[in-house]
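Below: the structure, in structure tokens.
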Amino acid sequence: MDIKQMLKDTTDQQNHARWTGALYAMQDLANHMKNLLETEGCTNKSFASDVVKQVGEETKRYKELIQTTDMGKKMKEIGDKYGT
Numbered sequence: 055m056d057i058k059q060m061l062k063d064t065t066d067q068q069n070h071a072r073w074t075g076a077l078y079a080m081q082d083l084a085n086h087m088k089n090l091l092e093t094e095g096c097t098n099k100s101f102a103s104d105v106v107k108q109v110g111e112e113t114k115r116y117k118e119l120i121q122t123t124d125m126g127k128k129m130k131e132i133g134d135k136y137g138t
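Using the working numbering, read the sequence shown as starting at 55 and increasing by one per residue.
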């Protein structure tokens, strides 16, 4: 096995896992903030709205980073093929 390719693949997989984890954390935070705004009667809606907007921007950035990895591209192909 080519050691250079093996290291590249390992780095790619680690980046994919790291960024996917960050994306899930951002999505969970955004959902929590939306819940505060919609159902919990949050009184400082301006702050919560700003946080949700920022988290949305970070979520988009992580989605883009994930797609720069070979693993991300493969996972997208699989998702597109099977409609997930």
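Cβ atoms here follow ideal geometry from the backbone N, Cα and C, with glycine treated the same way.
For Q81, the uninterrupted alpha helix (DSSP H) run begins and ends at 57-92, by DSSP. The alpha carbon of S103 has as its nearest neighbour, out of H86, R115, E118, L119, the alpha carbon of H86. Around E92, the same chain offers no residue with a beta carbon nearer than 6 Å, after the five sequence neighbours per side are excluded.
Fewer than three beta-carbon pairs drawn from the segment 122-130 and the segment 75-84 are found closer than 8 Å, and the two stretches are therefore not classed as touching. A residue is called buried once 16 or more other Cβ atoms fall within 10 Å of its Cβ, and G75, having fewer, is exposed.
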